[in-house]
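Numbering (the numbering used here), first residue to last: 698 to 1024. For glycine and all other residues, C-beta sits at the position ideal for the given N, C-alpha and C. Below: the structure, in structure tokens.
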Ligand code: MEV
């Protein structure tokens, strides 16, 4: 039996645009997904709790699972199952053991589909634990690459390397196409607001792609996100928090124009700004889920706690530790 964990993340800048080769800067946060894998004769049994689902267990012998009967949107459950299925397929491939069976237990502190990188964290930890269980040690670059292939498969060939690279390496990273690297970043005062909801990453990514293909100004909005990320990197290096906040606000506006915000995300963004946050934006695919704000005082946290539609507000520190062997 092997257990691995990997961190979730927030996007300081650049989600969605990163799918089209623009740079993005995600930062790992100290909320982790832990995956335990035990080899067994055949098939796959998955048990998961704490994914904002009520917890589910599903057992099957082929890659085609029956969908577990859960009080959660089908797309979300299908996606969750898809990530585990594909992660297991990658582990079987890495170990050249196509028939290997597994018992997989997922235990995550990261809400599913909420923009905090739960799927990447589960994928990275699952591949790491499953390959080690089969006696194969992948280095981090190979692990990040296999985790990317999982996300790309589940997101219908429309994924960037950002989430999976960040979750594998930890800390702040910069991703532009296949160029992925760790960057220096101070521990920024992240405050997260969570509306209790979730977005369907595949559908949201497809929506942006459609807009970008139909309207030149939508393509310009994607390119403008790339421009602000490049400025953001300079602000990060200079430790210029006011400029980082301004650019986060701008980034939220462009994401909103691309149709991936929601009423509750906008309400939380404005509550944070009104409370004096240096900046606030949605994080991840959007459609519901989380916003991230920068504020070292308690004002934003308190304001979010009283914002209708905000289910949970909390601080998140940078996690410099990426994937980790737990046992
Ligand atoms: C989702 O966490 C981030 C997106 O940019 C998709 C991706 O990068 O694969 C929306």
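Let's test the definition: count the other Cβ atoms within 10 Å of the Cβ of residue 709 and tell me whether it reaches 16, buried, or not, exposed. buried
Is there at least one non-hydrogen atom of the ligand MEV closer than 7 Å to the beta-carbon of residue 898? yes
Terminal residues of the beta strand (DSSP E) in which residue 930 lies: Run containing residue 930: none in the beta strand (DSSP E); it sits in the alpha helix (DSSP H), 913 to 935.
Can you find a heavy atom of the ligand MEV that lies under 7 Å from the Cβ of residue 923? no
On the criterion of 16 or more Cβ atoms from any shown chain inside 10 Å, does residue 751 qualify as buried, or is it exposed? Note on residue 751: pLDDT 48, under 50, position unreliable in the model; no value is reported.
Which whole runs of the beta strand (DSSP E) in the segment 845 to 883 are 3 residues long or more, in chain order? Within the segment 845 to 883, the complete beta strand (DSSP E) runs of at least 3 residues are 869 to 873 and 876 to 880.
Cut-off 6 Å between Cβ atoms - residues of its own chain near residue 858, not counting five sequence neighbours on either side: 845, 872 and 877
Please list the terminal residues of the continuous alpha helix (DSSP H) segment that includes residue 968. According to the DSSP assignment, residue 968 belongs to the alpha helix (DSSP H) that extends over 960 to 971.
So does residue 842 have its beta carbon nearer than 7 Å to some heavy atom of the ligand MEV? no
Kindly examine the ligand MEV and report whether one of its heavy atoms sits closer than 7 Å to the Cβ of residue 852. Yes.
To test your reading of the DSSP string, which unbroken alpha helix (DSSP H) runs of 4 or more residues are found completely within the segment 702 to 737? none
Suppose contacts are defined by Cβ-Cβ distances below 8 Å. Is residue 814 in contact with residue 981 by that definition? yes
Should residue 911 go down as buried or exposed, given a rule of 16 or more other Cβ atoms within 10 Å for buried? exposed
Which partner residues of residue 1007 appear in the DSSP bridge assignment? DSSP lists no partner for residue 1007.
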